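The listed protein sequences derive, respectively, from chains C and X. So for the first sequence, my numbering puts the first residue at 1; every next one is plus one. So for the second sequence, my numbering puts the first residue at 1001; every next one is plus one. Beta carbons: idealized from backbone N, C-alpha and C, even for Gly. Since the structure is predicted, the reported quantities are computational estimates derived from the model, not experimental observations.
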Amino acid sequence: MLGCRHEITLIGEEPDLPYHRPPLSKKYVTSLTEAEGLYLKPKQLYESEHIELRLGCRIKSLNRLEKSVTLDDGATLPYDSLALATGATARRLPASIGGDATNVYTLRTLADARALRDEFAEGRRLLVIGGGYIGLETAAVARSLGMQVTLIEQAERILKRVASAETASYFRALHLQNGVVIREGVGLDGLELLAGRAVRARLDDGSQMDIDVVVAGIGVNPATELAERAGLAVVNGIVVDACGRTSDPSIYASGDCASFPYRGLHIRLESIQNAVDMADVVARSMLGEETRYLPTPWFWSDQYTTKLQIAGLHHGYNRVAVREAPRAGLSVWYFDDDRFLAVDAINDPKAFMTAKRWLMAGFNPGFDALADPSVELSAIPEFVLTPKNTTQEI
Amino acid sequence: MPTIIFIEPDGTEKQVGARVGQTVMEAAVQNGVKGIDADCGGSCSCATCHGYVDEAWQEKLEPADSMELDMLDFAYQRSEGSRLTCQIVVGEEMDGLMIRLPVSQA
């Protein structure tokens, strides 16, 4: 907390207090956890910090000239500075192929997860569309409830956009062991509806299957509509500078919806790390403190009892070094030639934490050290910093 | 409802009524205890809910599993009683459990 003395109002479209999203596709659906356990902060904290909550409210218009927002209940609130943390919305299947059926779900919000809790039951047949992390986590949760699960992925393999073939192989095997039917390179042609519910799926390889529930994990779109209508610069997200400021100096953007400068590019990150760390930078910027956002991205995914932790961004890699780890674990180290980019650490928190530290420190372990299984991770900094092929002078 | 005593980084003592079955991290966050970030929401993924279990209680809790121990290896100022509080599930017998919170979670 930065000791801000200004009035703060938090406007949110969803009726719940701000909550953790990642558990929704992991333990929330299967556990008896109450929503309260997901809340970021207790209600009384907003009161004691004098943060006015306006939940279940949408902003109808953002009036930049008069520096105010108009809510859907008609109220107009003036602002000195404004932060857009509108997040992203899950892509839905088109209605033309049956995407508007009442048992076709996405998994993004607490409301989505609550609905899935009612639909997920032993023996029911689930079709998961999309082999990314949301799809795979949903499949794992459904299997642990004893559902019959088929996952289809249009691309040639699961995790195509987000991970190496090595990591994908590990998770494919994990899901097969746990009884998920995975069909890669197969897309959805359409859903057949009966009384508003999807009952049958036609796949593009000509096959058909009977289904009870469908979950589409086919990615998200940044929620930029408000920013666009207000005339802010939007290119795959609300464009911000290193301080989180948009093309209007009184307006900031943070989290999934924001596209920020990173190593010569503008990128968007969909993660808790980004939500937390960028919010910190934006809050400081709004209070006049000059802070730049230089993230070390990290992510995680829980499937069955397997934990994947990712540090860094693998984009642009051309080779990987694979190391075995205890607990049937594995770490996959991504390199662009000799430049270290990222790691996928499977049941291997040591690899994750080590890589995160290296990335934060700007330390490059080099490919050869990682590819050599006889070199312990903890010994790598020394290994790299000791000149090779030198003989001791006598 | 067991009472858990948290010592915040500045030394302030906060007594919190915890529900059996929730985690020590959740009890802290839901009661506005300072010094715990819990970025990952309690899945043993981030090591930002680190706390020191009071000596009198260290033996009484279920020991940390190997994943938690590996995460703790990288926690800021790890010491004897170090635990990730999201991995301690509150039980009836934990009335009076004392947890000190570190000055930093990173």
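Contact residues of the segment 1035-1047 of chain X toward chain C are D1037, A1038, D1039, C1040, G1041, G1042, S1043, C1044, S1045, C1046, A1047 (C-beta to C-beta distance below 9 Å). Per DSSP, E52 (chain C) is one residue of the beta strand (DSSP E) stretching across 51-55. The way I'd put it, the segment 373-384 of chain C doesn't touch the segment 195-209 of chain C; fewer than three beta-carbon pairs between them come closer than 8 Å. Proximity of G1032 (chain X) to chain C, defined by a Cβ-Cβ separation below 8 Å, is satisfied. Among the residues facing chain C, D1073 (chain X) is included, as its CB has a counterpart in that chain under 8 Å away.
Around the beta carbon of H50 (chain C), fewer than 16 other beta carbons sit within 10 angstroms, so the residue counts as exposed. Counting along the chain, F363 (chain C) sits inside no alpha helix (DSSP H), nor does DSSP assign it H or E at all.
Between T167 (chain C) and D344 (chain C) the beta-carbon gap is near 5 Å, inside 8 Å, which marks them as a contact.
With respect to chain C, the C-beta atom of M1098 (chain X) has no partner C-beta closer than 8 Å.
Within chain X, the residues whose beta carbon sits less than 7 Å from that of H20 (chain C) are G1041, listed in sequence order. Residues are counted here when their Cβ sits less than 7 Å from a Cβ of chain C; for the segment 1001-1027 of chain X these are Q1022, E1026, given in chain order. Between the segment 1064-1074 of chain X and the segment 1027-1040 of chain X there are fewer than three C-beta pairs closer than 8 Å, too few to call the two in contact. Counting C-beta atoms within 10 angstroms of its own C-beta, N236 (chain C) has fewer than 16 neighbours from the protein chains shown and is therefore classed as exposed. If you ignore the 5 residues before and after L1072 (chain X), its C-beta comes within less than 8 Å of the C-beta of A1047, H1050, A1064, R1078, S1082, R1083, L1084, all in its own chain and listed in chain order.
Going by DSSP, Q1015 (chain X) is part of the beta strand (DSSP E) stretching over 1013-1017. If you look at M1001 (chain X), you'll find it isn't in any alpha helix (DSSP H); DSSP assigns it neither H nor E. Rounded to whole angstroms, A351 (chain C) and S169 (chain C) show a C-alpha spacing of 19 Å.
Across the structure, V29 (chain C) and Y304 (chain C) are spaced so that their CA atoms are roughly 13 Å apart.
From the beta-carbon of S1066 (chain X), the residues of chain C found nearer than 8 Å are P326, R327. Under the 8 Å criterion on CB atoms, D1070 (chain X) is classed as interfacial with respect to chain C. Residue pairing of R202 (chain C) in beta bridges, as defined by DSSP: C:G190, C:Q208.
Interface with chain X (8 Å Cβ-Cβ cutoff): Y39 (chain C) is included. The C-alpha of D189 (chain C) lies about 14 Å from the C-alpha of R183 (chain C).
For Y46 (chain C), the uninterrupted alpha helix (DSSP H) run begins and ends at 43-48, by DSSP. When only Cα atoms are considered, D248 (chain C) and L126 (chain C) end up about 46 Å apart. If you compare the alpha carbons of C:R58, C:L191, C:I59, C:D16 with that of K43 (chain C), the shortest gap goes to C:D16. Below 8 Å, enough C-beta pairs join the segment 1010-1024 of chain X and the segment 1088-1097 of chain X to call them touching: three or more.
Taking a Cβ-Cβ threshold of 7 Å, the residues of chain X close to I272 (chain C) are D1039, C1040, in chain order. Annotation: G366 (chain C) to H20 (chain C) spans about 36 Å, alpha carbon to alpha carbon. Taking every protein chain shown into account, the CB of N103 (chain C) has 16 or more other CB atoms within 10 angstroms, so this residue is buried. Within chain X, the residues M1067, D1070, M1071 have their CB atoms less than 7 Å from the CB of P349 (chain C), given in chain order. Excluding five sequence positions before and after V1089 (chain X), the CB atoms of its chain that fall closer than 7 Å to its own CB belong to G1021, T1023, given in chain order.
In this structure, L107 (chain C) and L116 (chain C) form a Cβ contact; the two beta carbons are roughly 7 Å apart against a cut-off of 8 Å. Under the DSSP assignment, A345 (chain C) falls outside any alpha helix (DSSP H), being part of the beta strand (DSSP E) whose first and last residues are 339-346. Among the CB atoms of chain X, none fall inside 8 Å of the CB of W358 (chain C).
Within its own chain, the residues whose Cβ lies closer than 7 Å to the Cβ of N347 (chain C), once the five positions on either side in sequence are excluded, are T306, K307, A325, R327, A328, G329, listed in chain order.
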